[in-house]
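In the working numbering, the protein residues as written are 67 to 319. We treat Cβ as the ideally placed atom computed from N, Cα and C, and that holds for glycine. First up is the structure itself, then whatever we jot down about it.
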Amino acid sequence: MEHEGKHALVTGGGTGIGLGIAEALAAAGAEVTITGRDLARLDRVAAGNPRLHPLQMDVADETSVRDGIAAAARARGPVTICVANAGIAEAAPFRRETAEHWRRIMAVNLDGAFLTLQAAMATLEPGQSARMIAISSIAGLRGLRNAIAYTASKHGVIGLIRGLSEEYMGGPVTFNAICPGYVDTPIVDRNAAEISEMKGIPDEEARAYLARGNRHKRLLETDEVTAVALWLCSDAARSVNGQAIQVAGGQVA
Ligand code: NAP
Numbered sequence: 067m068e069h070e071g072k073h074a075l076v077t078g079g080g081t082g083i084g085l086g087i088a089e090a091l092a093a094a095g096a097e098v099t100i101t102g103r104d105l106a107r108l109d110r111v112a113a114g115n116p117r118l119h120p121l122q123m124d125v126a127d128e129t130s131v132r133d134g135i136a137a138a139a140r141a142r143g144p145v146t147i148c149v150a151n152a153g154i155a156e157a158a159p160f161r162r163e164t165a166e167h168w169r170r171i172m173a174v175n176l177d178g179a180f181l182t183l184q185a186a187m188a189t190l191e192p193g194q195s196a197r198m199i200a201i202s203s204i205a206g207l208r209g210l211r212n213a214i215a216y217t218a219s220k221h222g223v224i225g226l227i228r229g230l231s232e233e234y235m236g237g238p239v240t241f242n243a244i245c246p247g248y249v250d251t252p253i254v255d256r257n258a259a260e261i262s263e264m265k266g267i268p269d270e271e272a273r274a275y276l277a278r279g280n281r282h283k284r285l286l287e288t289d290e291v292t293a294v295a296l297w298l299c300s301d302a303a304r305s306v307n308g309q310a311i312q313v314a315g316g317q318v319a
């Protein structure tokens, strides 16, 4: 129970990677605020686990993030573990990218991570140690074809983490990014459905196509990403700072 009594907050904590991390932190003793726009879904996943605490929060909305995280801190204390995980992955090739779609991806993936980490940092007492983690992607380290806004937003997340690690260097807070390859979550389900429709191929073939995007040619399971996040939260990782850690079956960049 390494995290007994700590308050952790995971954005997008009701599904996929975020839920895996939230459940693992709760199993290690933390009180975990899980956030998302879909409160009914958050309530459903929290129903059987008294350490999961649902909070409706749109990461693209500044007021929602600042008020939501302040309220969570009033209820459960300073956010000493924060995982900025919420994100959307939608493909759009450059020639068809619209300014509106570009801004929406940036607002959720990049502004959302900025607002979340800033609001979480504001809850800390002076000198309090904490772990700030953002879920980037292999698209944060190399270009992903036909996903220009997603690629730029995930590169931005790594820039945010690297900048913060420099700004707070020598203090008790670490900042790291995790860069997964294709993970078997609802995002991959949606992407596979899109590819299946676009190419006129069965869903299984579309999933196999995505799996081939990983260096080891298989989809990752969420627990493979969760394990890295839990290690970053551990005392043993206290000198790991400003890193973009690849979990992708092989070297990506
Ligand atoms: P997911 O299950 O679709 O998770 C996305 C989460 O983000 C959902 O819980 C969603 O909750 C939340 N979210 C989306 N827009 C939001 C908004 N405006 N405000 C608040 N929450 C919002 O997919 P996932 O794979 O676990 O994705 C988690 C993160 O991993 C994302 O940042 C994604 O880019 C990254 N990632 C995923 C993969 C992959 O292959 N799966 C690979 C690399 C990186 P609500 O719908 O309730 O808002």
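| query | result |
| --- | --- |
| Integer Cβ distance of Val98 from Arg110, believed to fall under 8 Å | About 15 Å separates the two Cβ atoms, so there is no contact after all. |
| Contact set for Thr189: own chain, Cβ-Cβ below 6 Å, skip 5 residues either direction | Ala139, Pro144, Val145 |
| Cross-strand partners of Asn242 (DSSP beta bridge) | Ile199 |
| Short CB-CB distance (under 7 Å) between Gly71 and chain D | Among the chains in the structure shown there is no chain D, since it carries only a single protein chain. |
| Inside the stretch 71-129 only - beta strand (DSSP E) runs reaching at least 3 residues | 73-77, 97-102, 118-122 |
| Same chain, Cβ closer than 7 Å to Asp289, neighbours up to 5 away in sequence not counted | Gly86 |
| Beta-carbon separation (whole angstroms), His119 vs Ala96, contact threshold 8 Å | So it is not a contact: roughly 10 Å between Cβ atoms. |
| Glu320 to Gly78 span [Cα, whole Å] | Absent from the structure is residue 320, since the part of the chain shown begins at 67 and ends at 319. |
| Residues near Ala137 by beta carbon distance below 8 Å, same chain, minus five either side | Leu121 |
| Cβ neighbour criterion (16 or more within 10 Å) applied to Arg162 | exposed |
| Beta-carbon proximity of Ala310 to Ile201, cut-off 7 Å | no |
| For Val313: DSSP bridge partner residues | Pro246 |
| Cβ-based burial, Gly266 [other Cβ within 10 Å; buried from 16] | exposed |
| Ala158 versus Thr164 - alpha carbon distance | 9 Å |
| For Arg132 and Arg107, the rounded distance between their alpha carbons | 22 Å |
| Local conformation of Leu285 per DSSP, three classes | coil |
| Coarse secondary structure for Val131, derived from DSSP in three states | helix |
| Residues bridged to Ala319 [DSSP beta-bridge criterion] | Looking at the DSSP assignment, Ala319 forms no beta bridge with any residue, so it has no partner. |
| Distance cut-off 6 Å: Ile253 Cβ against heavy atoms of the ligand NAP | yes |
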